[in-house]
Amino acid sequence: MRTSNHVVGVLNFLTFLLSVPILGGGIWLSSRASSTDCLRFLQWPLIVIGVSIMVVSLAGFAGACYRNTFLMRVYLLVMFVVIGVLIGFIIFAYVVTDKGSGRRVSNRAYLEYYLEDYSGWLEERVASGSYWGKISSCVRDSKVCANMGRTFNGVPETADMFYLRSLSPIQSSCCKPPTECGFIYQNETVWTLGSGLMASNPDCTRWSNGQELLCYSCDSCKAGVLASLKKSWRKVSVINIVVMILLVIVYIIAYAAYRNNRKMDNDEPYGEARMTKAQPSAFHL
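Under this note's numbering, the first residue of the sequence shown is numbered 1484, with each subsequent residue one higher.
Okay, here's the thing in structure tokens:
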């Protein structure tokens, strides 16, 4: 029994099935991409990932089940590249998310975020005008701010209750003005000017009670996105480490299947040694 071939075939059949909903999601987003920048921003990565997984899975499945040495060689090469890319991404993710964290504010349970606390490659990409328009569109389309409202027995929460909430980085930085601006709470996403002097923070003048504007153009919102990315990328990196270990195991099994294919191509037996003679002896008893 060539178990390695069977295992590789089953695993690649499962990953092929996984690629179908991923590719379907990308195509679905493509059909709706004319509506928002966010959908246009997400559609192509999903399509590329779905097609890549599908093609590699088919190569591995056919190579293992039909004992095609060429396809198995291609599969091993691609798997080697994928493992290398995963290792690179894990290192990259920890390097680019090394800096930055939220700041504590007096009499507030939530943290606040400042763009100057972040630096490096990720900060430059998020803060750049070419990327921020798409990212802010995603934040707005996610309805994070619209879903912040809370009521207790039909009564909206008060300012004191809001100040004790543990907000996500996006909620804290994009859905309300910075605390130092001195705005007065009306509800979660509506704030009015106070009687004191406004802080020198430029985000104070960028804030708008328009529900399509809020603080989406603020530097604090960019910092909140960076904080959210840092948290997400660290979680993804842990998952990638697990996936990488599994891929290494699959790679070893696939290599064993590849060797089995080569042995069959060379007409070599399994499980026992075979001795041959170039010229058999002519002497017989």
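Ideal placement from N, C-alpha and C gives every residue a C-beta, glycine not left out.
Within its chain, find whatever has a CB closer than 6 angstroms to the CB of Val1673; leave out the 5 residues flanking it on each side and keep chain order. Asn1692.
Nearest to Phe1544 by alpha carbon, out of Asn1488, Ser1613 and Asn1744? The option with the nearest alpha carbon to Phe1544 is Asn1488.
Residues near Leu1598 by beta carbon distance below 6 angstroms, same chain, minus five either side: Here the set comprises Asp1702, Lys1705 and Ala1706.
Tell me where the alpha helix (DSSP H) around Val1561 begins and ends. Going by DSSP, Val1561 is part of the alpha helix (DSSP H) stretching over Thr1552 to Val1579.
Would the segment 1734–1745 and the segment 1555–1565 be scored as touching if the rule is three or more Cβ pairs under 8 angstroms? The segment 1734–1745 makes contact with the segment 1555–1565; the number of CB pairs closer than 8 angstroms reaches 3 or more.
Using the three-state DSSP reduction, which class does Val1635 fall into: helix, strand or coil? One point to set straight first is that residue 1635 is Phe, not Val, in the sequence displayed. Correct three-state label for Phe1635: strand.
For the structure I just gave you, are there three or more beta carbon pairs, one from the segment 1586–1605 and one from the segment 1644–1659, closer than 8 angstroms? Yes: at least three Cβ pairs fall under 8 angstroms.
Could you name each continuous alpha helix (DSSP H) segment of 4 residues or more that falls completely within the segment 1574–1616, going from the start of the chain to the end? The segment 1574–1616 contains these whole alpha helix (DSSP H) runs: 1604–1610.
Would a C-beta distance cut-off of 8 angstroms place Thr1498 and Ile1536 closer than the cut-off? Taking 8 angstroms as the cut-off, the Cβ atoms of Thr1498 and Ile1536 count as close.
With distance defined between alpha-carbon atoms, name the residue in Val1609, Val1588 and Glu1607 nearest to Leu1647. Here the closest residue by C-alpha is Val1588.
In angstroms, rounded to a whole number, what distance separates the CA positions of Ser1771 and Gln1694? Residue 1771 is absent from the model: the chain starts at 1484 and stops at 1768.
Look at the alpha carbon of Asn1744 and the alpha carbon of Arg1550, and state the distance between them as a whole number of angstroms. Approximately 5 angstroms between the Cα atoms of the pair.
Tell me which residues share the same chain as Arg1608 and place their Cβ nearer than 6 angstroms to its Cβ, disregarding the 5 neighbours each side in the sequence. So the list reads Tyr1614, once near-sequence residues are dropped.
Can you give me the C-alpha to C-alpha distance between Leu1501 and Val1534, rounded to a whole angstrom? So the two alpha carbons sit approximately 11 angstroms from each other.
For Gly1546, count the other beta carbons within 10 Å of its own beta carbon; 16 or more makes it buried, fewer makes it exposed. Which is it? It counts as buried.
Can you name, in chain order, every residue of its own chain whose Cβ lies under 8 angstroms from the Cβ of Gln1669, other than the five neighbours on each side? A distance below 8 angstroms between beta-carbons, with the five flanking residues on each side excluded, links Gln1669 to the following residues of its chain, in chain order: Thr1675.
Can you tell me the Cα-Cα spacing of Phe1666 and Gly1583, whole angstroms? Roughly 25 angstroms between the two C-alpha positions.
Do you know how far the Cα of Phe1496 is from the Cα of Trp1604? Cα-Cα distance, rounded: 38 angstroms.
Pull up the CB-CB distance for Val1719 and Ala1576, whole angstroms please, since I reckon it's below 8 angstroms. Val1719 to Ala1576, Cβ: 7 angstroms. Contact.
Go to Gln1669, then tell me how far its beta strand (DSSP E) extends in each direction, as first and last residue. Counting along the chain, the beta strand (DSSP E) containing Gln1669 begins and ends at Ile1667 to Asn1670.
What does a CB cutoff of less than 8 angstroms around Phe1553 pick up in its chain, not counting 5 residues either side in sequence? Within the same chain, and ignoring the five residues on either side of Phe1553 in sequence, the residues whose Cβ sits closer than 8 angstroms to its Cβ are Gly1546.
Can you tell me which of Ile1532, Asp1600 and Thr1486 puts its alpha carbon nearest to the alpha carbon of Gly1508? Ranking the options by Cα distance to Gly1508, first place goes to Ile1532.
With Thr1688 as the anchor, note down where its alpha helix (DSSP H) starts and where it stops. That run of the alpha helix (DSSP H) goes Asp1686 to Arg1689.
Can you tell me whether DSSP reads Ser1517 as helix, strand or coil? With a pLDDT of only 49 at Ser1517, under 50, the local geometry of the prediction cannot be trusted, and the value read off the model is given with reservation. Three-state DSSP puts Ser1517 in coil, outside helix and strand.
Presumed contact (8 angstroms Cβ cut-off) between Trp1690 and Thr1580, rounded CB distance: 27 angstroms between Cβ atoms; not a contact.
Could you say which of Leu1697, Arg1586 and Lys1714 lies nearest to Lys1626 if we only look at CA atoms? With respect to the C-alpha of Lys1626, the residue from Leu1697, Arg1586 and Lys1714 having the closest C-alpha is Leu1697.
First and last residue of the alpha helix (DSSP H) that includes Cys1657? The continuous alpha helix (DSSP H) containing Cys1657 extends over residues Pro1652 to Cys1657.
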